[in-house]
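In terms of this note's numbering, the sequence shown has 85 at position 85, counting the first letter as 1, and numbering is strictly consecutive.
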Amino acid sequence: MSDNKRSIVILIADDDAEDRMLLKEAMEENRLKNTIQFVENGEELMDYLRNKGKYADKEKYSCPGLILLDLNMPKKDGREALKEIKEDAHLRLIPVVVLTTSKAEEDILNTYDLGVSSFITKPVTFSSLVDTMKKLTEYWFDIVELPKVK
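Spelled out as structure tokens, the structure:
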């Protein structure tokens, strides 16, 4: 993996503190070198992406190369945030991977219709989560060429 690919920020939007901790640990288990940032709802996600409020520092909160998005969050859910991201000419280039507990066909169809890059149902066990994060990061950082979004 090149140093350039290691510098890609992963932004995780998930309201569940335990899920955030498990995702962080799963990525650490895979020795992922990327910076990981967390937001807890869709409003925070949009503030981060637009460098508003507490996310105004562009050095500290740089544009992510990949967003992992939970669908069911308070204030603004993942579906609403995804719609906003994909309607924004600047933000729509950022790959968004839905990572949620939902297995609903309607959620799968709707998020792909809104422009999501991938839809993943959260694994039940930690070892499965580690494996999923390994495959996800290998795909997005070793195989795929990502656009440079500023």
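Beta carbons are placed, not taken as given, at the ideal position from N, Cα and C, and that holds for glycine.
Checklist entry - Are the CB atoms of N51 and Y61 nearer to each other than 9 Å? => result Taking the sequence shown and counting its residues from 1, one reaches residue 51 at position 51. Taking the sequence shown and counting its residues from 1, one reaches residue 61 at position 61. Contact: yes.
Item to check | Minimum C-alpha distance to D14 - residue among L45, R31 and N34 | outcome: Within the sequence shown, residue 14 is the residue found at index 14, counting from 1. Of the listed residues, the one whose Cα sits closest to D14 is L45.
Item to check | Cβ-Cβ separation, N110 to R79 (assumed contact under 8 Å), whole Å | outcome: Looking up residue 79 in the sequence shown gives position 79. Looking up residue 110 in the sequence shown gives position 110. So it is a contact: roughly 7 Å between Cβ atoms.
Checklist entry - Can you give the beta carbon distance from V9 to G65, rounded, assuming they're within the 8 Å contact cut? => result Indexing the sequence shown from 1 puts residue 9 at position 9. Indexing the sequence shown from 1 puts residue 65 at position 65. Right, the Cβ-Cβ distance comes to about 6 Å (below 8 Å), so this counts as a contact.
Checklist entry - Using the C-alpha atoms, what's the distance from A104 back to D47? => result Looking up residue 47 in the sequence shown gives position 47. Looking up residue 104 in the sequence shown gives position 104. Computed Cα separation, rounded: 28 Å.
Checklist entry - What residue from S128, M133 and P147 has the CA that sits closest to N30's CA? => result Within the sequence shown, residue 30 is the residue found at index 30, counting from 1. Comparing Cα positions, the closest option is M133.
Checklist entry - What are the boundary residues of the beta strand (DSSP E) that includes A13? => result On the sequence shown, position 13 is the one that residue 13 refers to. Here the beta strand (DSSP E) through A13 covers I10 to A13.
Item to check | For V130, the three-state DSSP class (helix, strand or coil) | outcome: Here residue 130 is taken as the residue at index 130 of the sequence shown, counted from 1. Correct three-state label for V130: helix.
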